[in-house]
Amino acid sequence: MLMTTLWVVVAVVVALLVFVAWRVKVGRQRRELMQHCVEPEALHDLLEPERRVMVFDVRQPLDVLAYSEMIPGAKRIAPKEVLMNPGLIPREQDVVIYCTCPGEKTSWEILRQVQVHKYTRLKLLHGGLAAWKAKGYAVERYMDSFRLDSAK
124 MLMTTLWVVV AVVVALLVFV AWRVKVGRQR RELMQHCVEP EALHDLLEPE
174 RRVMVFDVRQ PLDVLAYSEM IPGAKRIAPK EVLMNPGLIP REQDVVIYCT
224 CPGEKTSWEI LRQVQVHKYT RLKLLHGGLA AWKAKGYAVE RYMDSFRLDS
274 AK
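Okay, here's the thing in structure tokens:
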């Protein structure tokens, strides 16, 4: 009986330690992400009245098909292309990328890839296109053709 109780206590302590370690990791990742984020209001200020930053729409092709609108003046680049060739994003200019993934997953992947190549002037739009639209900022219809290659 005492041994069983001891094992239960050990299991609970181990589970608690795993949970705490996971929360610390998530918190660290969140803080790191926020260092590389720009809020929709800040991006809007960088675009108006004079464009001082390049904007890239890096949404997955199926997301573009479902919501064929984008931030005015943004350039569309498929995430697969950027991941294969980070040079598609200018290194010497301030750049903001956005997607529509939960937690900016696609933008985060691209940020990680370009950081390996020593890019320092790239930011993510916090909340992506949805946050931009939620603030009531303008969008324009995306009319260019593209491939529906959804594989990364």
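Residue numbers for the sequence shown follow the numbering used here, so the first one is 124 and each next one is one higher. Where a beta carbon is used, it is the ideal one built from N, C-alpha and C, also for glycine. This one's a predicted model, so the numbers in the text were calculated from it and none came from an experiment.
Query raised in the report: Start and end of the alpha helix (DSSP H) containing Glu203?
Result: Indexing the sequence shown from 1 puts residue 203 at position 80. As written in the sequence, residue 203 is Lys, which differs from the Glu given in the question. That run of the alpha helix (DSSP H) goes Pro202 to Met207.
Query raised in the report: Quick one: is Val132 buried, meaning 16 or more other Cβ sit within 10 Å of its Cβ, or exposed?
Result: Taking the first residue of the sequence shown as 1, we reach residue 132 at position 9. Its Cβ having fewer than 16 others within 10 Å, Val132 is exposed.
Report task. Indicate whether Leu252 and Ile220 have their beta-carbon atoms separated by less than 8 Å. Result -> On the sequence shown, position 129 is the one that residue 252 refers to. On the sequence shown, position 97 is the one that residue 220 refers to. Going by C-beta atoms, Leu252 is not nearer than 8 Å to Ile220.
Requested in this report: Write down every uninterrupted run of the alpha helix (DSSP H) in the stretch 130 to 174 whose length is 4 residues or greater and which is fully enclosed by it, in chain order.
Outcome: 163 to 170
Query raised in the report: With burial defined as no fewer than 16 other Cβ atoms inside 10 Å of the residue's Cβ, what is the status of Asp186: buried or exposed?
Result: The residue you call residue 186 lines up with position 63 of the sequence shown. Looking at its Cβ environment, which holds 16 or more other Cβ atoms inside 10 Å, Asp186 is buried.
**Report entry** Touching by the beta-carbon criterion (3+ pairs, under 8 Å), the stretch 136 to 152 and the stretch 167 to 180
**Finding:** no
**Report entry** Three-state secondary structure (DSSP) of Glu215
**Finding:** Working through the sequence shown from its first residue, we reach residue 215 at position 92. Glu215 falls in the coil class under three-state DSSP.
Query raised in the report: Per DSSP, what kind of secondary structure is Arg235 in: helix, strand or coil?
Result: The sequence position of residue 235 within the sequence shown is 112, counting from 1. DSSP places Arg235 in helix when its eight states are reduced to three.
Query raised in the report: For Tyr242, which of Cys222, Gln216 and Lys198 has the nearest alpha-carbon?
Result: Within the sequence shown, the letter at position 119 stands for residue 242. Here the closest residue by C-alpha is Gln216.
Report task. Would you kindly work out how many angstroms separate the C-alpha atoms of Val137 and Glu155, rounded to a whole number? Result -> Here residue 137 refers to the residue found at position 14 of the sequence shown. Here residue 155 refers to the residue found at position 32 of the sequence shown. Approximately 27 Å between the Cα atoms of the pair.
**Report entry** Val187 (DSSP reduced to helix, strand or coil)
**Finding:** In the sequence shown, residue 187 corresponds to position 64, counting from 1. Val187 falls in the helix class under three-state DSSP.
Query raised in the report: What's the gap between the Cα of Arg264 and the Cα of Glu227?
Result: Translated into the one-based positions of the sequence shown, residue 264 becomes position 141. Translated into the one-based positions of the sequence shown, residue 227 becomes position 104. Their backbone Cα atoms lie some 22 Å apart in a straight line.
Query raised in the report: By the 10 Å Cβ neighbour count, where 16 or more other Cβ atoms means buried, how is Trp255 classified, buried or exposed?
Result: Indexing the sequence shown from 1 puts residue 255 at position 132. With 16 or more Cβ atoms within 10 Å of its Cβ, Trp255 is classed as buried.
**Report entry** Simplified DSSP assignment, three categories, for Met266
**Finding:** To locate residue 266, count along the sequence shown from 1; it is residue 143. Met266: coil per DSSP, three-state reduction.
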